[in-house]
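Report on the structure given below.
There are 2 protein chains.
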Amino acid sequence: MPAPRGMPIGLRLAGVARDVGRAFDDTLAAAGGSRPLWMVLLALKSGAAASQQQIADHIGIRGATLTHHLAGMEARGLVVRTREPGDRRTQVVRLTDEGERMFGAMAEAAHEFDQRLRAGFTKAELSHLDLFLRRLQENAGVRGAALPGDATPP
Amino acid sequence: MPAPRGMPIGLRLAGVARDVGRAFDDTLAAAGGSRPLWMVLLALKSGAAASQQQIADHIGIRGATLTHHLAGMEARGLVVRTREPGDRRTQVVRLTDEGERMFGAMAEAAHEFDQRLRAGFTKAELSHLDLFLRRLQENAGVRGAALPGDATPP
DNA sequence: TATTGTTATACTCTATAACTATA
DNA sequence: TATAGTTATAGAGTATAACAATA
Chain Y
1 MPAPRGMPIG LRLAGVARDV GRAFDDTLAA AGGSRPLWMV LLALKSGAAA SQQQIADHIG
61 IRGATLTHHL AGMEARGLVV RTREPGDRRT QVVRLTDEGE RMFGAMAEAA HEFDQRLRAG
121 FTKAELSHLD LFLRRLQENA GVRGAALPGD ATPP
Chain A
1001 MPAPRGMPIG LRLAGVARDV GRAFDDTLAA AGGSRPLWMV LLALKSGAAA SQQQIADHIG
1061 IRGATLTHHL AGMEARGLVV RTREPGDRRT QVVRLTDEGE RMFGAMAEAA HEFDQRLRAG
1121 FTKAELSHLD LFLRRLQENA GVRGAALPGD ATPP
């Protein structure tokens, strides 16, 4: 993936993200997982998601897609889904011991990968990078992190 | 896609790339195309690829995957493949008039998208961003753009 | 009626393996 | 034997639409 001067920034970003993403996928695969699996586990552990719909929104997929992943995870014995007594429409997703083990293994792999990725970057540089990424995201028209003064019509 | 402090840089990158990529895909779809189609057209037009294998390498996919895309493009009347008289194993891929029209439409859409993405960025910032991306790519272990002094064993 | 999640189905992109034709 | 590309098949991830159960 050469990066010629003047290459569209979107393609550049996509290319780098693909390369980095593949390396990350390899890392997760070596730990027995995958990216979406890791995203779901992260969302579950962070506790920042009450309903499945919120988990799906959190990681940027559809509810049906999440069901798909959860079904696979349940088949692998990583999670258990049980109906909430209070509101029997909702499912309570709980990590099994095996799920906890998997989370631990993937967390370690992900952390090592992240260390590798950050190598040579100063804190200031990482802040700049983060800001640049945020600006790209906003320029692409992503909602939900709108700045004050954003004049985009509803 | 919230971006908490201390979020792994790889996931951050992947998230932004996905959001930006989806917006770009929407743009290309409105012009009647898709991302891989655009990549193939770009590679063809840039003339930087002699064989199909080189095109595939250029855009980071396998030969069989490229065949898949080219077959689809040929079915849509965008390209024609003919055997080279000199070496009849190789295929010469040529854009049809319809293919040229499609390229033009997608190029315009892609350019507008790129303008939108770059909005508010100075040249210096874009350079910094590009450098950051390159460093991430290298840290992820991508070969082919190795720096002088790279001490990674073969 | 509205909400929560599931099922059924399908699409896109990608890959590997086996194959054909040619060199 | 080696190379260029194709065919056949498969798998992962995602999506939409229709549905069931519950509120």
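Residue numbers (my numbering), protein chains in the order written: chain Y, 1 to 154; chain A, 1001 to 1154. Beta carbons are placed, not taken as given, at the ideal position from N, Cα and C, and that holds for glycine. Note that the structure is a prediction, hence the values are computed from the model and not measured.
| query | Whose C-beta lies closer than 8 Å to the C-beta of Asp25 of chain Y among residues of the same chain, with five residues either side of it excluded? | reply | In its chain, beyond the 5 residues on either side, Ser34 and Arg35 have a beta carbon closer than 8 Å to the beta carbon of Asp25 of chain Y.
| said: Please report the distance separating the alpha-carbon of Arg89 of chain Y from that of Ile1055 of chain A. | reply: Computed Cα separation, rounded: 51 Å.
| Does Pro8 of chain Y come within less than 7 Å of chain A when only Cβ atoms are used? | By this cut-off, Pro8 of chain Y is an interface position.
| Taking the Cβ atom as the reference point for each residue, do Asp1114 of chain A and Pro8 of chain Y lie within a distance shorter than 7 Å? | For the 7 Å CB-CB criterion, Asp1114 of chain A and Pro8 of chain Y form a contact.
| When you compare only the Cα positions, how much space is there between Ala1029 of chain A and Ser1046 of chain A? | Whole-angstrom Cα-Cα distance: 22 Å.
| query | Can you tell me the Cα-Cα spacing of Gly1099 of chain A and Glu1084 of chain A, whole angstroms? | reply | The alpha-carbon atoms of Gly1099 of chain A and Glu1084 of chain A are separated by roughly 20 Å.
| query | What number of angstroms, rounded off, separates the C-alpha of Leu37 of chain Y from the C-alpha of Gly77 of chain Y? | reply | Cα atoms of Leu37 of chain Y and Gly77 of chain Y: separation of roughly 13 Å, rounded to the nearest angstrom.
| Classification of Arg12 of chain Y by the beta-carbon crowding that lies within 10 angstroms, buried from 16 upward | Per the 10 Å Cβ criterion, buried.
| task | Would you kindly work out how many angstroms separate the C-alpha atoms of Ala109 of chain Y and Gln53 of chain Y, rounded to a whole number? | result | Cα to Cα, Ala109 of chain Y sits roughly 28 Å from Gln53 of chain Y.
| field | Backbone CA spacing between Ala1071 of chain A and Gly1060 of chain A [nearest angstrom] | value | Ala1071 of chain A and Gly1060 of chain A have their alpha carbons spaced roughly 18 Å apart.
| query | Given Glu1074 of chain A, which residues of its chain have a CB within under 8 Å of its CB, disregarding the five upstream and five downstream residues? | reply | Excluding sequence positions up to five before and after Glu1074 of chain A, its CB lies within less than 8 Å of the CB of Val1080 and Arg1081, all in the same chain and listed in chain order.
| query | Taking 7 Å as the CB-CB limit, is Val1024 of chain A close to chain Y? | reply | The sequence shown places Phe at residue 1024 of chain A, rather than the Val named in the question. By this cut-off, Phe1024 of chain A is an interface position.
| Residues of the stretch 128-141 of chain Y whose Cβ lies closer than 8 Å to any Cβ of chain A, in chain order | Within the stretch 128-141 of chain Y, the residues whose Cβ lies closer than 8 Å to some Cβ of chain A are His128, Leu129, Asp130, Phe132, Leu133, Arg134, Arg135, Leu136, Gln137, Asn139, Ala140 and Gly141, listed in chain order.
| Contact check, Ala140 of chain Y vs Asp1130 of chain A, beta carbons under 7 Å | Taking 7 Å as the Cβ cut-off, Ala140 of chain Y and Asp1130 of chain A do not qualify as a contacting pair.
| Quick one: what's got a C-beta closer than 7 Å to Ala1105 of chain A's C-beta in the same chain, skipping five residues either side? | Excluding residues up to 5 positions away in sequence, Ala1031 and Gly1032 lie with their Cβ nearer than 7 Å to the Cβ of Ala1105 of chain A in the same chain.
| query | From the DSSP output, which residues share a beta bridge with Leu1117 of chain A? | reply | Residue pairing of Leu1117 of chain A in beta bridges, as defined by DSSP: absent, with no partner found.
| request: With DSSP as the reference, label Arg94 of chain Y as helix, strand or coil. | output: Residue state, collapsed to three classes: strand.
| query | Between the C-alpha atoms of Thr1067 of chain A and Arg135 of chain Y, what's the straight-line distance to the nearest angstrom? | reply | Each residue's Cα considered, the two are about 37 Å apart.
| query | If the cut is a Cβ gap below 7 Å, which residues of chain Y does Val1020 of chain A touch? | reply | The contacting residues are Gly10, Leu13, Leu136, Gln137 and Ala140.
| request: Using a Cβ cut-off of 8 Å, pull out every chain Y residue sitting near Glu1125 of chain A, in sequence order please. | output: Here the neighbours are Phe132.
| message | In whole angstroms, give me the CA-to-CA distance for Gly1010 of chain A and Ala1119 of chain A. | response | Each residue's CA atom was taken as its position, placing Gly1010 of chain A and Ala1119 of chain A some 24 Å apart.
| query | Can you name the residues of chain A whose CB is closer than 8 Å to the CB of Gly60 of chain Y? | reply | Contact annotation for Gly60 of chain Y against chain A: Met1001, Gly1015, Arg1018 and Asp1019 [CB-CB distance below 8 Å, chain order].
| request: Kindly identify the DSSP beta-bridge partner or partners of Thr1082 of chain A. | output: DSSP output for Thr1082 of chain A lists A:Val1092 as bridge partner(s).
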